[in-house]
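Participant: Residue numbers (my numbering): 1 to 354.
Just so you know, even glycine gets a beta-carbon here, dropped at the ideal spot from N, CA and C.
What follows is a single structure, and I will ask about it in a moment.
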Amino acid sequence: MIDANDGGGLPGTVPDAGRDDVAPDAAVPALARRDFDWNLLHTFMVIVEEGSITRAANRLLLRQPSVSNALKRLEDRLGQRLIDRAPGRFELTDQGRVLFDECRDICGAIGRLGHLMTDAEADLSGHIRLAMASHVTFPPLDEALADYHQRHPLVTLEIDIARSSAVVQTVLSRQASAGICLVARPHPQLSYRILFREHFGVFCGPRHRLFGRRDLTMADLAEETFVSFVTDSPQDALRAVSLLRVHHGLTGRIVGTAANLEEVRRMIVAGLGIGALPIHAVARDVADGLLWRLPPEDDAPPPGGPPAVDIFLVTNPRTTLSQAERTFVDLLVARVEEAGDDPFVYPEGMEGSA
Numbered sequence: 001m002i003d004a005n006d007g008g009g010l011p012g013t014v015p016d017a018g019r020d021d022v023a024p025d026a027a028v029p030a031l032a033r034r035d036f037d038w039n040l041l042h043t044f045m046v047i048v049e050e051g052s053i054t055r056a057a058n059r060l061l062l063r064q065p066s067v068s069n070a071l072k073r074l075e076d077r078l079g080q081r082l083i084d085r086a087p088g089r090f091e092l093t094d095q096g097r098v099l100f101d102e103c104r105d106i107c108g109a110i111g112r113l114g115h116l117m118t119d120a121e122a123d124l125s126g127h128i129r130l131a132m133a134s135h136v137t138f139p140p141l142d143e144a145l146a147d148y149h150q151r152h153p154l155v156t157l158e159i160d161i162a163r164s165s166a167v168v169q170t171v172l173s174r175q176a177s178a179g180i181c182l183v184a185r186p187h188p189q190l191s192y193r194i195l196f197r198e199h200f201g202v203f204c205g206p207r208h209r210l211f212g213r214r215d216l217t218m219a220d221l222a223e224e225t226f227v228s229f230v231t232d233s234p235q236d237a238l239r240a241v242s243l244l245r246v247h248h249g250l251t252g253r254i255v256g257t258a259a260n261l262e263e264v265r266r267m268i269v270a271g272l273g274i275g276a277l278p279i280h281a282v283a284r285d286v287a288d289g290l291l292w293r294l295p296p297e298d299d300a301p302p303p304g305g306p307p308a309v310d311i312f313l314v315t316n317p318r319t320t321l322s323q324a325e326r327t328f329v330d331l332l333v334a335r336v337e338e339a340g341d342d343p344f345v346y347p348e349g350m351e352g353s354a
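Take a look at the structure:
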């Protein structure tokens with residue numbers, strides 16, 4: 001959470017606001033820096049990034065009523081409704097969008113102060129915060145982490161797992177050193193470097209009626225219930241997976257969705273339905289008999305073959321990285337560049353376009 005005392009106000013606030021001898025603007029409540037709870041800004045930013053009070057509470061490790069109350073306190077303090085909330089509706093108001101843009105810079109700058117102060121130390125120290133999509137299986141990243149820790153054991157590391165959209169927002173708000181995730185639509189203020197391309201296969205679990213069958217075609221999957229990622233749509237990061245279902249006419253009912261790979265995998269293993277997972281990430285589960293690979297086969301050409309999805313390293317050119325952060329990002333990029341101009345492709349030997 002943000003820990004800020006009398007250090008400044010929101011852009012446009014009146015420094016003497018709150019004094020009895022100063023008349024505030026009748027239309028906008030004055031903000032007194034000494035009695036304003038700056039943690040409310042951080043809570044508001046997480047609510048917007050998650051798009052849900054419940055998900056924000058889970059991320060902040062708070063109870064849902066506490067998060068709802070924090071939003072109400074902020075709206076009351078500002079005298080503005082920030083989010084339109086109703087069943088099936090969650091949208092920022094015009095005032096909410098303005099505040100969110102300001103919060104990203106305020107919260108990001110405050111959170112980074114401690115890390116930036118370590119640059120002058122003789123032995124490299126500091127803190128690195130990576131925001132990542134779930135279950136990123138990428139050996140060069142593991143090698144970079146091991147190598148970096150061996151060289152700079154005083155540097156601490158924090159890895160936050162979140163939906164890809166939340167990863168992008170965290171990097172954009174300068175709360176993370178870098179992000180690793182899928183990208184639906186590149187943000188113009190961020191830089192992207194492809195790390196690897198992974199292919200998705202369709203799988204079922206041991207309790208499913210298709211488990212263990214080798215005589216299947218895509219037609220056999222047409223009406224099977226499906227487990228999916230929340231980003232599995234033609235407009236989102238897993239567009240390629242969505243188009244695969246459309247191409248083959250997989251019209252079965254979606255019975256389960258989740259934002260991370262572990263929970264999608266859990267529902268598939270439990271037999272709720274079939275679903276798409278990164279082939280290389282679940283290879284051990286297949287070998288252990290927890291998952292069974294279904295069509296399409298690896299040699300099927302796109303768009304009917306295994307869909308390909310690119311994973312990116314996301315950085316913010318506006319973020320002033322500490323020496324520890326710069327050194328790590330440079331090391332990871334160097335590991336990727338060792339492979340040449342083409343991105344890593346998993347499983348090895350496969351080709352495809354995202």
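(1) If you count every other CB in all the chains shown that lies within 10 Å of the CB of Gln235, and 16 or more means buried, which is it?
(2) So, is Glu348 buried or exposed, given that buried needs 16 or more other C-beta atoms within 10 angstroms?
(3) Which residue wins for smallest C-alpha separation from Asp330, given the options Phe44, Glu50 and Leu145?
(4) When we look at the beta-carbon of Glu325 and count the other beta-carbons within 10 Å, is it buried (16 or more) or exposed?
(5) Given a threshold of 16 other Cβ atoms within 10 Å of its Cβ, counted over all protein chains shown, does Thr217 qualify as buried or as exposed?
(6) Quick check on DSSP: helix, strand or coil for Asp21?
(7) Find out if the Cβ-Cβ distance for the pair Val230, Gly275 is shorter than 9 Å.
(8) What does the Cβ neighbour count give for Ala334, buried or exposed, with the cut at 16 atoms within 10 Å?
(9) In three-state terms, what does DSSP make of Leu250?
(10) Beta carbon of Ser173, beta carbon of Ala237: below 9 Å?
(11) Thinking just about the alpha-carbon of each residue, which of Thr43, Val314 and Phe344 is nearest to the one in Ala184?
(12) Please state the DSSP three-state secondary structure of Thr320.
(13) List in chain order: all unbroken beta strand (DSSP E) runs of 3+ residues lying wholly within the segment 257-304.
(14) Measuring CA to CA, which of Glu75, Ile47 and Ser125 is closest to Gln431?
(15) Which residues in the same chain have their Cβ closer than 7 Å to the Cβ of His247, if we skip the five residues on either side of it in sequence?
(16) Determine the direct distance from the alpha carbon of Ile268 to that of Tyr346, and round the result to whole angstroms.
(17) Out of curiosity, what's the CA-to-CA distance linking Phe344 and Lys72?
(18) If Pro306 sits next to His199, beta carbons under 8 Å apart, how far is it from one beta carbon to the other, in whole angstroms?
(19) Could you tell me the distance, in whole angstroms, from the CA atom of Gly205 to the CA atom of Trp292?
(20) Using a Cβ-Cβ cutoff of less than 8 Å, which residues in the same chain neighbour Phe90 once the five nearest sequence positions on both sides are dropped?
(21) Give the DSSP bridge partners of Thr156, in chain order.
(22) Quick check on Gly96: buried or exposed, where buried means 16 or more other Cβ atoms within 10 Å of its Cβ?
(23) Would a C-beta distance cut-off of 9 Å place Ala222 and Leu182 closer than the cut-off?
(24) By Cβ distance, which residues of its chain are closer than 8 Å to Val168, with the 5 residues on each side in sequence left out?
(25) Around the C-beta of Asp232, are 16 or more other C-beta atoms found within 10 angstroms, so that it is buried, or is it exposed?
(26) What separation, rounded to the nearest whole angstrom, lies between the Cα atoms of Ala122 and Ser177?
(27) Which two residues bound the contiguous beta strand (DSSP E) that contains Arg381?
(28) Look at the alpha carbon of Asp3 and the alpha carbon of Asp142, and state the distance between them as a whole number of angstroms.
(29) Could you round the C-beta distance between Phe328 and Tyr192 to whole angstroms and report it? I think they count as a contact, below 8 Å.
(30) Within a Cβ cutoff of 8 Å, which residues of the same chain sit near Val286, ignoring the five residues on either side of it in sequence?
(31) Based on the DSSP output, what are the partners of His199 in its beta bridges?
(32) Would you kindly work out how many angstroms separate the C-alpha atoms of Glu337 and Gln64, rounded to a whole number?
(33) Using three-state DSSP, classify Arg213 as helix, strand or coil.
(34) So, using beta-carbon positions, are Thr170 and Glu49 closer together than 9 Å?
(35) Rounded to the nearest angstrom, what separates Leu41 and Leu154 at their Cα positions?
Facilitator: Straight from the coordinates:
(1) Against the sequence shown, residue 235 aligns to sequence position 235. The residue is exposed, with fewer than 16 neighbouring Cβ atoms inside 10 Å.
(2) By one-based count along the sequence shown, residue 348 stands at place 348. Answer is exposed; the Cβ neighbour count stays below 16.
(3) Here residue 330 corresponds to residue number 330 of the sequence shown, with the count starting at 1. Considering only Phe44, Glu50 and Leu145, the residue with the shortest C-alpha distance to Asp330 is Leu145.
(4) Mapped onto the sequence shown, residue 325 falls at position 325. Label assigned to Glu325: buried.
(5) Here residue 217 refers to the residue found at position 217 when the sequence shown is read from its first residue. Result: exposed.
(6) Start at 1 with the first residue of the sequence shown, and residue 21 comes out as number 21. Only weak support is given to the placement of Asp21: the predicted model assigns it a pLDDT of 40, under 50, and the question is left unresolved by the model.
(7) Translated into positions along the sequence shown, residue 230 becomes position 230. Translated into positions along the sequence shown, residue 275 becomes position 275. The answer is no: Cβ separation not under 9 Å.
(8) Position 334 of the sequence shown, counting from 1, holds the residue named residue 334. Counting Cβ neighbours within 10 Å, Ala334 comes out exposed, since fewer than 16 surround it.
(9) Translated into positions along the sequence shown, residue 250 becomes position 250. Residue state, collapsed to three classes: coil.
(10) By 1-based counting over the sequence shown, the position of residue 173 is 173. By 1-based counting over the sequence shown, the position of residue 237 is 237. No, the pair does not count as a contact, with Cβ atoms beyond the cut-off.
(11) As a working note, residue 184 is residue 184 in the sequence shown. Residue Val314 holds the alpha-carbon nearest to the alpha-carbon of Ala184 among Thr43, Val314 and Phe344.
(12) Here residue 320 corresponds to residue number 320 of the sequence shown, with the count starting at 1. Coil.
(13) If one requires a minimum length of 3 residues, the beta strand (DSSP E) runs lying completely within the segment 257-304 are 274-278 and 292-294, in chain order.
(14) No answer is possible for residue 431: the residues shown for the chain start at 1 and end at 354.
(15) Counting from 1 along the sequence shown, the entry for residue 247 is found at position 247. Counting only Cβ-Cβ distances below 7 Å, and skipping sequence neighbours, we find Pro303 and Gly304.
(16) Counting from 1 along the sequence shown, the entry for residue 346 is found at position 346. Counting from 1 along the sequence shown, the entry for residue 268 is found at position 268. Cα-Cα distance, rounded: 21 Å.
(17) For the purposes of this step, residue 344 is taken as residue 344 along the sequence shown, with counting starting at 1. For the purposes of this step, residue 72 is taken as residue 72 along the sequence shown, with counting starting at 1. Put simply, the backbone Cα of Phe344 is about 47 Å away from that of Lys72.
(18) Against the sequence shown, residue 306 aligns to sequence position 306. Against the sequence shown, residue 199 aligns to sequence position 199. Contact flag correct, Cβ pair sits at about 4 Å.
(19) Taking the first residue of the sequence shown as 1, we reach residue 205 at position 205. Taking the first residue of the sequence shown as 1, we reach residue 292 at position 292. Straight-line Cα distance between these residues: approximately 6 Å.
(20) As a working note, residue 90 is residue 90 in the sequence shown. Excluding sequence neighbours, Phe90 sits near Gly51, Ser52, Ile83 and Asp84.
(21) One-based indexing of the sequence shown puts residue 156 at position 156. His127.
(22) Against the sequence shown, residue 96 aligns to sequence position 96. With a threshold of 16 other beta carbon atoms within 10 Å, Gly96 meets it and is buried.
(23) As a first step, residue 222 must be located in the sequence shown, where it is residue number 222. As a first step, residue 182 must be located in the sequence shown, where it is residue number 182. The beta carbons of Ala222 and Leu182 sit no closer together than 9 Å.
(24) In the sequence shown, the residue the question calls residue 168 occupies position 168. These residues qualify, in order along the chain: Gly179, Cys181, Val183, His187, Leu190 and Val314.
(25) Residue numbering aside, residue 232 sits at position 232 when the sequence shown is read from its first letter. Asp232 is buried by the Cβ-count criterion.
(26) As a working note, residue 122 is residue 122 in the sequence shown. As a working note, residue 177 is residue 177 in the sequence shown. Residue placement at Ala122 is poorly supported in this model, since its pLDDT is 42, which falls under 50; the coordinates are not used for a value here.
(27) Nothing about residue 381 can be read from this structure; the chain reaches only from 1 to 354.
(28) Indexing the sequence shown from 1 puts residue 3 at position 3. Indexing the sequence shown from 1 puts residue 142 at position 142. Because the pLDDT of Asp3 is 34, which lies under 50, any placement of that residue in the model is unreliable, and the question is left without a value.
(29) If you number the sequence shown from 1, residue 328 lands on position 328. If you number the sequence shown from 1, residue 192 lands on position 192. No, Phe328 and Tyr192 are not in contact; Cβ-Cβ is about 18 Å, not under 8 Å.
(30) Counting from 1 along the sequence shown, the entry for residue 286 is found at position 286. If we look at Val286 and ignore the five residues flanking it on each side, its Cβ neighbours are Phe203, Trp292 and Arg293.
(31) Within the sequence shown, the letter at position 199 stands for residue 199. Beta bridge pairing from DSSP links His199 with Ala308.
(32) Taking the first residue of the sequence shown as 1, we reach residue 337 at position 337. Taking the first residue of the sequence shown as 1, we reach residue 64 at position 64. About 44 Å.
(33) Mapped onto the sequence shown, residue 213 falls at position 213. The answer is coil: DSSP assigns Arg213 none of H, G, I, E or B.
(34) The residue labelled residue 170 in the question sits at position 170 within the sequence shown. The residue labelled residue 49 in the question sits at position 49 within the sequence shown. The answer is yes: Cβ separation under 9 Å.
(35) Reading the sequence shown from its first residue, position 41 is the one you call residue 41. Reading the sequence shown from its first residue, position 154 is the one you call residue 154. Answer to the nearest angstrom: the Cα atoms are 31 Å apart.
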